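Using our numbering, the first residue of the sequence shown is number 14, and each one after it goes up by one.
I have placed the structure first, in the form of structure tokens, so that the comments after it can refer back to it.
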Amino acid sequence: MNNVQQLTQSIERVVENWLGGEPARNAKEIVDGVARWGTARDFISDVYNDLCSKVNLFEIGVGQVRFGDLISKVPGDDFVFDKAHLRALWATGPIPPTITLDDLDEQAQSMFYAFRHHEWIVLDGKHFDAEAPRGANSVLQLPFFQRHLDHMQQEKIRQSQADRLPEHLMTWTGELSDEDLPF
14 MNNVQQLTQS
24 IERVVENWLG
34 GEPARNAKEI
44 VDGVARWGTA
54 RDFISDVYND
64 LCSKVNLFEI
74 GVGQVRFGDL
84 ISKVPGDDFV
94 FDKAHLRALW
104 ATGPIPPTIT
114 LDDLDEQAQS
124 MFYAFRHHEW
134 IVLDGKHFDA
144 EAPRGANSVL
154 QLPFFQRHLD
164 HMQQEKIRQS
174 QADRLPEHLM
184 TWTGELSDED
194 LPF
């Protein structure tokens, strides 16, 4: 069994343990940090404990990542993404077509506060958490981040639709018709 398979089995065992003991109703609650047993950090710690009984973590190159690791460390760069890191992530996609690098950067501060407690494991270039026990090729492919990207895309679409007035209102004469009323 290779290292990724060992890690996948450890994650699946810990998820089953957490769910079997009813601390969470699903893996999403574990990832979101609302499980009764603790946060994503506690989950990762349990995975490490399970995995350590089978392999030497340092020898196989397991890494632990926090969302804050994606934020720039340059003095004066308050809550913006590390551009080089973000470009590398961007290349691994999938990113909704309406989202740009600038959009993500504008969201860095709110994303940092919302996600600062999320942690995941990196092994052999793949990203693992409770919802992705088999790993994702990019951190942005983890369901945790996909939900946020999808939400960003929906908000952007909603905003662009709200900014557009219906054609009949653009030439409004000052009188309302039944089609102008929302009910």
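The beta-carbon is built from N, C-alpha and C at its ideal position, and this holds for glycine as well.
A quick note: this is a predicted structure, and the numbers were derived from the prediction, not measured.
A straight-line Cα-Cα distance of about 17 Å links Ala-149 and Asp-163. Counting along the chain, Val-27 sits inside the alpha helix (DSSP H) bounded by residues 16-33. Leaving aside the five residues that flank Ala-40 on each side, the residues in its chain whose CB is nearer than 6 Å to its CB run, in chain order, Val-28, Ala-143, Glu-144. When the beta-carbon positions are compared, Val-44 and Phe-157 come within less than 9 Å of each other. Out of Leu-64, Asp-137, Leu-20, Met-165, the CA that lies nearest to the CA of Ile-112 is found in Met-165.
Counting other Cβ atoms within 10 Å of its Cβ, Ile-134 reaches 16 or more and is therefore classed as buried. In the DSSP assignment, Ala-149 forms a beta bridge with His-140.
Taking the C-beta atoms as reference points, Leu-136 is found nearer than 9 Å to Val-17. With at least 16 other beta carbons inside 10 angstroms of its own, Ser-23 counts as buried. DSSP places Ile-112 outside any alpha helix (DSSP H), giving it a letter other than H or E.
Lys-169 is not a Cβ neighbour of Asp-115, given a cutoff of 9 Å. Contact between Ser-151 and His-140 is confirmed by a C-beta separation of about 7 Å, below the 8 Å threshold. Following the DSSP letters along the chain, one finds Arg-54 inside the alpha helix (DSSP H) bounded by residues 53-65.
When secondary structure is reduced to three states using DSSP, Arg-160 falls in the helix class.
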